[in-house]
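With the working numbering applied, the sequence shown corresponds to residues 264 to 552, in that order. From the three backbone atoms N, C-alpha and C, an ideal C-beta is built for every residue, glycine too. These figures come from a predicted structure and were not determined experimentally. For reference, the structure discussed in these notes is given below.
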Amino acid sequence: MEYHQETLDRPTGRLETKSIGNWITITELGAGYGVGPRTTRLVLHHMGVLAQEGQRYRLPRDLVEDGIGLRHDRPKSGHPFDVISPVGQNLIATVWAEAAADYAVKSQRVEHVQMIRDALALFKETRLTPLDTRQETYWVLDHFPNLQHQTLATALEVSPALVSRYVKQRSAKRDALRWRRDKPVRWMSREIKDKILMSGLGGNAPYETTCMSPGERPNDGYITEGLYTPENDQPYQKPNKPGFSVVDLLRYAPTLYRMSPTQRHVRVWQVHKPDQDVDAVVEAGSNRP
Numbered sequence: 264m265e266y267h268q269e270t271l272d273r274p275t276g277r278l279e280t281k282s283i284g285n286w287i288t289i290t291e292l293g294a295g296y297g298v299g300p301r302t303t304r305l306v307l308h309h310m311g312v313l314a315q316e317g318q319r320y321r322l323p324r325d326l327v328e329d330g331i332g333l334r335h336d337r338p339k340s341g342h343p344f345d346v347i348s349p350v351g352q353n354l355i356a357t358v359w360a361e362a363a364a365d366y367a368v369k370s371q372r373v374e375h376v377q378m379i380r381d382a383l384a385l386f387k388e389t390r391l392t393p394l395d396t397r398q399e400t401y402w403v404l405d406h407f408p409n410l411q412h413q414t415l416a417t418a419l420e421v422s423p424a425l426v427s428r429y430v431k432q433r434s435a436k437r438d439a440l441r442w443r444r445d446k447p448v449r450w451m452s453r454e455i456k457d458k459i460l461m462s463g464l465g466g467n468a469p470y471e472t473t474c475m476s477p478g479e480r481p482n483d484g485y486i487t488e489g490l491y492t493p494e495n496d497q498p499y500q501k502p503n504k505p506g507f508s509v510v511d512l513l514r515y516a517p518t519l520y521r522m523s524p525t526q527r528h529v530r531v532w533q534v535h536k537p538d539q540d541v542d543a544v545v546e547a548g549s550n551r552p
């Protein structure tokens, strides 16, 4: 991209625009040498043009003062980036071949780097969509779990700080999934709840109170709706015996369907004698304060 500089002509009071040459980004510089943006930044870092700042490789401010390039720390959109001036491009061109060869030799000396790159390249050939840096990091860690961050950063040609960031994100996600897997289930499953709602019994009763057979309840009773009380809101306990069948649920559905929506959606169930009339029990429960 061609940059221009505006200067004030004091005798005339006009702004004069003067071209200062074609300034290109780091990615455009690497494209001219036939390498990708990651390799370009690592080679420039190897020759001392770029310095690591957090998770990025940026142009040092002292080189900006020397006219090698320009920093765009707060662009209108996107991430911060740097551009190289024509002077910097000529300087880089004089040492690029030597620096790139030296970087390639040193990167090959790191153990497992070439094996990781070959395995990752083979996996990419089987995919329909490309992988981003985060996905590449996850894949390598899944297949090479004992790698050091520096080795992984060298294999992926990214900064160690970026690798550490993705490693922490991966660990946090795995810990959250393990916690969800080991967390005890306190309420009935969604499938059981849907069956109860469709059968007309309704409500959010605990799983144990909706799955036990009539003969297995205290006093040989069956379950009908009642009023909510905190002491009846017990945590989930996995039942040891099978519960109501769909036929049993549908058996009581016609009677309970005649109840009002408020009565059908109370949360707690009460146990009553089987010789009592269901309509009388429901009517008595609905008239309670």
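| Asked | Found |
| --- | --- |
| Buried versus exposed call for Phe-444 [16 or more other C-beta atoms within 10 Å across all chains shown] | Phe is not the amino acid found at residue 444; the sequence shown has Arg there. Arg-444 is exposed by the Cβ-count criterion. |
| For His-335: DSSP bridge partner residues | Phe-344 |
| Coil, strand or helix - Asn-353 by DSSP | helix |
| Alpha-carbon spacing of Lys-436 relative to Val-368, whole angstroms | 36 Å |
| Burial state of Gln-411, where buried means 16 or more other Cβ atoms lie within 10 Å | exposed |
| Same chain, Cβ closer than 8 Å to Pro-343, neighbours up to 5 away in sequence not counted | Arg-319, Arg-321, Arg-334, His-335, Asp-336 and Arg-337 |
| Outcome for Ser-422 when other beta-carbon atoms lying within 10 angstroms are tallied against a minimum of 16 | buried |
| Integer Cβ distance of Arg-324 from Leu-313, believed to fall under 8 Å | Not a contact, Cβ separation roughly 12 Å. |
| Where Asn-482 falls, given that 16 or more other Cβ within 10 Å makes a residue buried | Legend: pLDDT at Asn-482 = 40, less than 50; position of this residue unreliable, value from coordinates given subsequently. Exposed, by the Cβ-count rule. |
| Extent of the continuous alpha helix (DSSP H) run through Gln-377 | 376-388 |
| Pairwise C-alpha distance: Thr-302 and Phe-386 | 20 Å |
| Given Arg-433 as reference, the closest of Lys-446, Leu-415, Gln-398 and Trp-442 once Cα atoms are compared | Gln-398 |
| Gly-284, DSSP secondary structure in three states | strand |
| Exposure of Ser-348, with buried meaning 16 or more beta-carbon neighbours within 10 Å | buried |
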